[in-house]
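Take a look at the structure below.
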């Protein structure tokens, strides 16, 4: 295995400590200006594509100048083709998912590396206890990269790039087409209360992949996937991992 790539599979309550840094702070939805995606036309019927509606709610929340803001996705099954949430935002922003976000079964619908992605955002909290369903079972037979150098690229469930002073707290991810969480160039980032699940024979469904990031905390995380639990790529420093359970 290349020295630049380290894979961590965790089966004990305390696994790995590189360094300790202070936990990030972020906005909290109580008292925030709430942007309910239903007010933008989102429907939790499992069929309507809610990408435009949720993106509009994000844009308004991100540009809200009256204080902290919250994007709220209620209970229900919200089909989402693909969306990228881009900053910078004007204040602390919270993204609450209490329902289920469902990806397209057809992998060709998603044109980006990530089905859902946050980019260039500071002071972000993603929380709510909701579910990201990547609907990856249809795509796994197409994932033949171990024998095909021209294999197709499949989408990860959720990505964070160039995000600082932020956290994921209470989120569930299942059946990604490829990896579940991808973090690139993030700083002062906290992940807790996350559950990641895919069948043991699902190919390349990495749990959490981290690259070129620093000052991160991962704890109280449960991972049961068909591939790597936590993959740490080059350029990552000051990473604190504890209470991570790997089930396979």
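Numbering (mature numbering (1 follows the signal peptide of the UniProt record, and there is no 0)), first residue to last: -22 to -1, 1 to 226.
Heads up, the beta-carbon is just placed ideally off N, CA and C, and yes, glycines get one too.
Small disclaimer: the values here were computed from a predicted structure and weren't measured.
Residue 102 and residue 143 have their alpha carbons spaced roughly 7 Å apart.
Rounded to the nearest whole angstrom, the CA to CA distance from residue 155 to residue 109 is 15 Å. In terms of Cβ geometry, residue 77 and residue 96 do not form a close pair [threshold 8 Å]. For residue 192, the uninterrupted beta strand (DSSP E) segment begins and ends at 192 to 202. If you look at residue 36, you'll find it isn't in any beta strand (DSSP E); it sits in the alpha helix (DSSP H) that goes 29 to 40.
If you ignore the 5 residues before and after residue 15, its C-beta comes within less than 6 Å of the C-beta of 31, 32, 35, 51, all in its own chain and listed in chain order.
Fully contained in the region 24 to 112 are the following alpha helix (DSSP H) runs of length 4 or more, in chain order: 29 to 40. A straight-line Cα-Cα distance of about 14 Å links residue 161 and residue 172. Rounded to the nearest whole angstrom, the CA to CA distance from residue 220 to residue 42 is 36 Å. Of the other Cβ atoms in all chains shown, 16 or more fall within 10 Å of the Cβ of residue 58; this residue is therefore buried. Excluding the 5 residues flanking it on each side, residue 170 has same chain C-beta neighbours closer than 6 Å at 147, 197, 198, in chain order.
Apart from the 5 residues on each side of it in sequence, residue 163 sits with its Cβ closer than 7 Å to the Cβ of 139, 140, 190, 191 in its chain, given in chain order. A Cβ-Cβ distance of about 6 Å is found for the pair residue 165 and residue 193, placing them in contact under the 8 Å criterion. Residue nearest to residue 17 within the set 9, 45, 49 is 49 (criterion: CA-CA distance). Taking a contact as a CB-CB distance under 8 Å, the pair residue 149 and residue 104 counts as one, their CB atoms being some 6 Å apart. Here residue 217 carries a strand assignment [DSSP, helix/strand/coil].
With fewer than 16 neighbouring CB atoms inside 10 Å of its own CB, residue 215 falls in the exposed class.
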